Every structure is written in structure tokens, then in C-alpha cells.
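Note that the protein sequences, when read in sequence, are chains A and B.
Remember, the numbering used here sits 181 above the position in the first sequence when you count from 1.
Remember, the numbering used here sits 181 above the position in the second sequence when you count from 1.
The C-beta atom is built at its ideal place from N, Cα and C for all residues, glycine as well.
If you're wondering where the values come from, they're calculated on a predicted model, not measured in any experiment.
Reviewing the structure listed below.
Number of protein chains: 2
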Amino acid sequence: MRVPYETMYNEFVRVLTKYGMMPERAARSATLYANASLDGVYTHGLNRFPKFINSVEKGCVDMNAIPVLTETSGIVERYDGKHGPGNLNADFCMKRAVELAHQNTIGCVALRNTNHWMRPGAYGLDAADEGCIAVLWTNTVPNMPAWGGKDAKLGNNPVVFAVPHEGGHILLDVAMSMFSYGKLESYARSGKELPVEGGFDKDGNMSKDAAAILETHQPVPIGYWKGSGLSLMLDLIASSLAGGRSTRQVGELPIETELSQVFIAIDLNRLSDKDAVLENIHRTAMDLKESTPMTEGGEVRYPGEGMLKVREENTRLGIPVEEAIWKGVCAL
Amino acid sequence: MRVPYETMYNEFVRVLTKYGMMPERAARSATLYANASLDGVYTHGLNRFPKFINSVEKGCVDMNAIPVLTETSGIVERYDGKHGPGNLNADFCMKRAVELAHQNTIGCVALRNTNHWMRPGAYGLDAADEGCIAVLWTNTVPNMPAWGGKDAKLGNNPVVFAVPHEGGHILLDVAMSMFSYGKLESYARSGKELPVEGGFDKDGNMSKDAAAILETHQPVPIGYWKGSGLSLMLDLIASSLAGGRSTRQVGELPIETELSQVFIAIDLNRLSDKDAVLENIHRTAMDLKESTPMTEGGEVRYPGEGMLKVREENTRLGIPVEEAIWKGVCAL
Numbered sequence: 182m183r184v185p186y187e188t189m190y191n192e193f194v195r196v197l198t199k200y201g202m203m204p205e206r207a208a209r210s211a212t213l214y215a216n217a218s219l220d221g222v223y224t225h226g227l228n229r230f231p232k233f234i235n236s237v238e239k240g241c242v243d244m245n246a247i248p249v250l251t252e253t254s255g256i257v258e259r260y261d262g263k264h265g266p267g268n269l270n271a272d273f274c275m276k277r278a279v280e281l282a283h284q285n286t287i288g289c290v291a292l293r294n295t296n297h298w299m300r301p302g303a304y305g306l307d308a309a310d311e312g313c314i315a316v317l318w319t320n321t322v323p324n325m326p327a328w329g330g331k332d333a334k335l336g337n338n339p340v341v342f343a344v345p346h347e348g349g350h351i352l353l354d355v356a357m358s359m360f361s362y363g364k365l366e367s368y369a370r371s372g373k374e375l376p377v378e379g380g381f382d383k384d385g386n387m388s389k390d391a392a393a394i395l396e397t398h399q400p401v402p403i404g405y406w407k408g409s410g411l412s413l414m415l416d417l418i419a420s421s422l423a424g425g426r427s428t429r430q431v432g433e434l435p436i437e438t439e440l441s442q443v444f445i446a447i448d449l450n451r452l453s454d455k456d457a458v459l460e461n462i463h464r465t466a467m468d469l470k471e472s473t474p475m476t477e478g479g480e481v482r483y484p485g486e487g488m489l490k491v492r493e494e495n496t497r498l499g500i501p502v503e504e505a506i507w508k509g510v511c512a513l
Numbered sequence: 182m183r184v185p186y187e188t189m190y191n192e193f194v195r196v197l198t199k200y201g202m203m204p205e206r207a208a209r210s211a212t213l214y215a216n217a218s219l220d221g222v223y224t225h226g227l228n229r230f231p232k233f234i235n236s237v238e239k240g241c242v243d244m245n246a247i248p249v250l251t252e253t254s255g256i257v258e259r260y261d262g263k264h265g266p267g268n269l270n271a272d273f274c275m276k277r278a279v280e281l282a283h284q285n286t287i288g289c290v291a292l293r294n295t296n297h298w299m300r301p302g303a304y305g306l307d308a309a310d311e312g313c314i315a316v317l318w319t320n321t322v323p324n325m326p327a328w329g330g331k332d333a334k335l336g337n338n339p340v341v342f343a344v345p346h347e348g349g350h351i352l353l354d355v356a357m358s359m360f361s362y363g364k365l366e367s368y369a370r371s372g373k374e375l376p377v378e379g380g381f382d383k384d385g386n387m388s389k390d391a392a393a394i395l396e397t398h399q400p401v402p403i404g405y406w407k408g409s410g411l412s413l414m415l416d417l418i419a420s421s422l423a424g425g426r427s428t429r430q431v432g433e434l435p436i437e438t439e440l441s442q443v444f445i446a447i448d449l450n451r452l453s454d455k456d457a458v459l460e461n462i463h464r465t466a467m468d469l470k471e472s473t474p475m476t477e478g479g480e481v482r483y484p485g486e487g488m489l490k491v492r493e494e495n496t497r498l499g500i501p502v503e504e505a506i507w508k509g510v511c512a513l
């Protein structure tokens, strides 16, 4: 089943407004949710929307809270997210980092007390539209053991890199676990084997069996000990810069909230050789595509390249939805 | 065979001076090489020294060149490394980033036309001694295929994170390939199997056989497609910010030189809640160590923790050396 973009957007606006969000904010939030599904990030578009409304009902989200500047230290700004909606808070902070980058070439904003930021690639793409490289990350609830350990001490702490590129920005959105819980659940449902080892089974063996990993709650970090370290570092920097909760402290709460995030923008337009820089980015992306493929008929793409085809198709044909989820949202 | 620190240091000073390096610079460079071996990073201490001298003989390194400021854009400074020694250039730029962080909370320095930075953890540790978080990375010659490709299009682009911590800084130094070529060679020599899959064999299968991977020159990135994207992004940011060569362009040169690097420092002392921030860092590191170990008698350590024991032991007993390499340096 496919739903036109406008229909989905309007439905999100209706529900968000019904739950007390001011019209202008509802319009922006609905755009972010609908764009996620439009771009093929279904897990953080329509499919995540009911969970967001649920967290509003539980009182975890203040629908109309706006981040408050708590400290300006040098050129770094720290905000308190005031438990506002995670996507609007992140949108606000990325835009502010871009403004600071327009002034100082680099802009850095740290945010505490915020909620799940939904699809972070959106903020990266917006920064790239402004001619900025963007690097942003969040911490999460503890959901991954440190390398060598059994109990979840680390978050999977997704990080986004966006680099401006005329034919479609280069966009990387990766968590520090090899597979998200959403991906593991999807593989477990389908009974298919993971393409690479994704965690440990109950006997402590590395496994491609998603169901076995869901049982132990022991996903592996990307690059094993390396991703374990990277996750820790992202958490320490985010919580330190934001003056907010670390993953460990988020784990002390009954639900995942009061997260810490960092938004960095680098304005390429301010560099004296910006044309040469953009040309080099383009040539590097094209060079990657000229790789000899590992498998016959295979193709190497730069991160973010595939998304453009999905966006075009979903714009033309409507956004594919799981009918039950879509009907559930319409009934809210 | 073990060699006292002072003996090793003096030998490095002697050789560097003989090859034309000014005394003060030779002292600093010798310290960086000797400290690498002292801390157990033998590959980038004594063992790398002959290769450095070889690159000097080839004319790739200008022993007394100092980075030159080419542009100040906002608070970002760009330097031309003038083909100077990579470790002294990196040392200079990290120190400058720390100075900028003392002024603006965040400091960012980009460096082009530099050489291999040897052991980058050293610069991170120095920044942490100054109360700064440090994030620094370099690009390299193409030495890793993009995910889905066969030919080396990406660098392994090592990145260092350092976070100040009273009991010993938290230090992560990771390349974007699962194993370095040095590690692969060491495993191949010993005939031991890699602990996890490290690349592809000639039949295109993922393999734990280091010799088979050395044959194809197809190491895997950490987290497969994820590390492939991360490597690209690190390269694009470093080369863009520095206005220097990207990995692709480094690959056009006969040897690995004219690299691009980024040095970011964040001064925690400038934050209003610095004591709480440092306390949270400490508690997070300690919490990690309280993980239930995966294997009986196992232990989870924070990155950088193990190094302190090695440093203490090597200070007390002397630095373990491969006799042939040590004698080679003494004969230079």
C-alpha cells in the first residue's frame, strides 16, 4: 500500500495538533516525519510516529518546549532541550550550529535533556544545503555491551556525517552497533541470516542468527573493540559538552530520555578555495563509484546515493506503508 | 632484549641530528619516538624509525620545515606542513588547537602537505594533559577497498580520541580497517588465525587468514559498509578543511606523502560545570570496568588503561626491542 506524501504529512499535522503542538511546530515536525518515510527511512518516519505519540501520552515530551541557551563558552553554545520533541530540538540546534559556522567557519552546539531525534540524516542534509559539512551525534540508553563484557554499558550512539555535494549530498548515518535492534527484529521475523556476525548467542559464540542475539541482548559494536571505544568516546564528548546525562545516567531513568547530543557545522563557503574543495569532493565520490565491483554486476555507491532513487520513486508513486501502522495513525 | 629509555632517546637524537635536524627539534622528535616504544606502541616507535630515516634519505621529508599558517577562517586555522617531519608537524598543530581551545573552548587546526604522524595518541595525551578533549585524524594512501569494491579507493585513516581522566587519560587510537597491514603481517608470520574476519581471500570470501588477505590487499573496514563510509567522510573533511590532498590524490604520488590532517581540541576547563563533567567521565570509565566479563577471569578496560601498565613496566625494566632493528638504528 502506498500513501501520497501530502496525505501522510496532513495526517501527521492533524495528530500532532490534536496532541497540543502549536501549528507551526506541527508543520515542521510533520515534514521531518514524512520526509524520513519519503527518503526510505521508514523506521524513523511513519513507523516511529505512534511510539512518539505514546511517549507524549506518557508525559515524557513537552510538545511546545524550545531549547534554552544555558551557556556560551567561547564559540560553543550549550542548550537545555527542556524535554521537547527530539526532532524539533535537533533541528533547532543544527540550524544554530550552521549560523555559528557562517560566522566562525566552525559552529558547535551541545544539547542536553532532549528526546530521540528520529532521523538525524535530515539535519545533516539541511546543513549541507547551507554549504556546511555537518557532524552530529547522540547518546542513547545503554543497549550494547562493551567489548569483553556481557551487560549493556554502552549506547549504540548514532553519528551522522554530511558533506555538501551538488548531485546529492554525501550522507552517512551509522550507529556504533553492527545492527540496530530494529534490523535484528526484522531479520528475526523473516528468518533470514544476517549478512555478517551481529552479536553473541547464549553460548557466547558470535552469531548471524538475529533471534539468538535478541535473546542475549548482546549486539556487537562495529569493528568489535574499536566500535566499543568509539561509542564510549561519543558518549563522553556529548555528555561533557552538553553538561547532560551520559549513557550510564540515561540508563538510570525508567525510559530513554534526557539524552545528550552534539551538532558541529563547518562552512565550506568561508574557505578561500571553496570551489576547489567542492570539486575535490565530487571527484572523490565519482572515483569511489569507479571501483571494480566485488561481485559481477555489483556497484559501489557513495553514502546517501541510494536514497535519491527512493525519494524520487516515493514522490512519484506514493510512500509505501505497512497498512496496520498507517491505519493506526489515522485512528489517533 | 631491553634497552633503557635514555639510551634509546639518545640514539634517536644522535641519528636525527646526524641527518640534519636542529637540536631542539631532534630532542622533541626523539621523545615522541621513544615514548611510543615506552608505551608499547612499538610499531610507531623504534620499529618505524628506520623507515622514517629512509624517507629522509629519499628526500620526502624536510627535516627543519615548520608548518606555515596559510589561512585563518573564523576560528579555524589552516597550515601548510611544508613536507616537514610528520610527528613534529602534528605536535605543532595539536598544540595550536589547544591554544585556540583555551580561547574559544573549541579549537580546530587543519594541516596539509604533511608526512606520516607516527603515533598520534601522543598528541591526544598532551591535549588531555591540558584539560582538553582531543579528536584528530589523518588520511592515508589508498589501502582499503570501499565496501562492495575490489580495488583500494579508501585510506584506513586513523582517528584518535582523547578524554582527560585523572587516573590516566582515556585514549582511543583506531584505523578504519579492521586490522592494519602491520598487524596482518605479524599474524601471517606467526601463522595464527585472526580473532575476527579481517578481509577477503582470493576467492572473494571473508577470511581470518592474514596471509590470504595480504595476497588480495582487501582488508575489510570496521563494521563493513559502515567503516567504508566513515573512512570516506574522514578523508573528505580532512582534505576539505586543510585544502590538501584527499586519499585519492595521495594515491597519485609515488609514495605516501602530502597528507591532510585535522586537530580538534575542546577545553573542558572553560565549562562552568567542569568538576561535574570530570566526575562523570571518571564514573563512566569505572562503570565500564564493572561489566560482567564475557569469559571467566576476563576484564573490561577503558581505552588507554592497558598502556599505563606497559609504560610502568618498560620504564622499570627497559623497553623491549627487536635486536636487529635496534642494532640497525645504532649503526645509522
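If you draw a straight line from the alpha carbon of residue i to that of residue j, how long is it in whole angstroms?
{"i": "glutamate 480/B", "j": "glutamate 486/B", "result": "11 Å"}
{"i": "serine 218/A", "j": "lysine 199/A", "result": "22 Å"}
{"i": "arginine 293/B", "j": "histidine 283/B", "result": "23 Å"}
{"i": "arginine 259/A", "j": "arginine 370/B", "result": "51 Å"}
{"i": "glutamate 494/A", "j": "glycine 349/A", "result": "15 Å"}
{"i": "alanine 208/A", "j": "asparagine 191/A", "result": "9 Å"}
{"i": "methionine 467/A", "j": "tyrosine 368/A", "result": "32 Å"}
{"i": "cysteine 382/B", "j": "proline 400/B", "result": "The sequence given here has aspartate at residue 382/B, not cysteine. Roughly 9 Å separates the two Cα atoms."}
{"i": "proline 326/B", "j": "serine 361/B", "result": "14 Å"}
{"i": "glutamine 442/B", "j": "glycine 255/A", "result": "24 Å"}
{"i": "lysine 239/A", "j": "phenylalanine 233/A", "result": "10 Å"}
{"i": "glycine 478/B", "j": "aspartate 272/A", "result": "46 Å"}
Please return the same chain residues whose Cβ sits closer than 7 Å to the Cβ of residue i, not counting the five positions on each side in sequence.
{"i": "glycine 556/B", "result": "This structure cannot settle anything about residue 556/B, because the visible part of chain B is limited to 182 through 513."}
{"i": "tyrosine 186/A", "result": "Ala215, Leu219, Thr496 and Ile500"}
{"i": "tryptophan 406/B", "result": "Trp328"}
{"i": "aspartate 448/B", "result": "Ala282, His283, Thr286, Gly312 and Cys313"}
{"i": "glutamate 504/A", "result": "Met182"}
{"i": "leucine 197/B", "result": "Ala207, Ser210 and Ala211"}
Spatial neighbours of residue i within its chain, please: C-beta separation below 6 Å, excluding the five flanking residues on both sides.
{"i": "proline 501/A", "result": "Arg183"}
{"i": "glycine 265/A", "result": "Asp243 and Ala246"}
{"i": "threonine 438/B", "result": "Cys241 and Asn296"}
{"i": "leucine 459/A", "result": "none"}
{"i": "alanine 446/B", "result": "Ala278, Val279, Ala282, Gly288, Ala308, Cys313 and Ala315"}
{"i": "glutamate 252/A", "result": "Arg259"}
Just grab the DSSP bridge partners of residue i for me.
{"i": "threonine 295/A", "result": "Leu440/A"}
{"i": "aspartate 448/A", "result": "Cys313/A"}
{"i": "tryptophan 318/B", "result": "Val340/B and Val443/B"}
{"i": "alanine 333/A", "result": "Pro326/A"}
{"i": "glycine 288/B", "result": "Ala446/B"}
{"i": "leucine 213/B", "result": "DSSP output for leucine 213/B lists no bridge partner at all."}
{"i": "leucine 250/A", "result": "Tyr260/A"}
{"i": "phenylalanine 273/B", "result": "Per DSSP, none; premise fails for phenylalanine 273/B."}
{"i": "arginine 429/B", "result": "Per DSSP, none; premise fails for arginine 429/B."}
{"i": "valine 184/B", "result": "Ile500/B"}
{"i": "valine 355/B", "result": "Val340/B"}
{"i": "proline 376/A", "result": "Note: proline 376/A sits in no beta bridge, so no partner."}
{"i": "phenylalanine 381/A", "result": "Met387/A"}
{"i": "proline 474/B", "result": "Gly330/A"}
{"i": "proline 402/B", "result": "Ser358/B"}
Compare the C-alpha of residue i against each of the options and name the closest.
{"i": "valine 355/A", "options": "Lys334/B, Ser412/B, Val242/B and Asn285/B", "result": "Ser412/B"}
{"i": "aspartate 276/B", "options": "Ala393/B, Val316/B and Ile506/B", "result": "Note on residue identity: the sequence assigns lysine, not aspartate, to residue 276/B. The option with the nearest alpha carbon to lysine 276/B is Val316/B."}
{"i": "lysine 490/B", "options": "Val222/B, Arg206/B, Ser210/B and Gly201/B", "result": "Val222/B"}
{"i": "cysteine 289/A", "options": "Cys313/A, Leu269/A and His225/A", "result": "Cys313/A"}
{"i": "cysteine 511/B", "options": "Gly255/B, Phe230/B and Thr224/B", "result": "Phe230/B"}
{"i": "glutamine 430/A", "options": "Leu375/B, Pro435/B, Arg464/B and Gly404/B", "result": "Arg464/B"}
{"i": "threonine 472/B", "options": "Leu365/A, Pro339/A and Leu335/A", "result": "This sequence places serine at residue 472/B; threonine is not what is there. Ranking Leu365/A, Pro339/A and Leu335/A by Cα distance to serine 472/B puts Leu335/A first."}
{"i": "tryptophan 298/B", "options": "Thr224/B, Arg195/B and Leu422/B", "result": "Thr224/B"}
Here's a check: name, in chain order, each residue in its chain whose Cβ is nearer than 8 Å to the Cβ of residue i, leaving out the five neighbours to either side.
{"i": "isoleucine 179/B", "result": "Residue 179/B lies beyond the stretch modelled for chain B, which goes from 182 to 513, so this question has no answer here."}
{"i": "proline 474/A", "result": "Glu480 and Val481"}
(message) Counting beta carbon pairs with one atom in the stretch 384 to 395 of chain B and one in the stretch 417 to 425 of chain A, are three or more of them shorter than 8 Å?
(response) no
(message) Using a Cβ distance threshold of 8 Å, determine whether the stretch 286 to 300 of chain B contacts the stretch 421 to 431 of chain B, with at least three qualifying pairs required.
(response) yes
(message) With three or more beta-carbon pairs closer than 8 Å as the criterion, would you say the stretch 442 to 455 of chain A touches the stretch 395 to 405 of chain A?
(response) no
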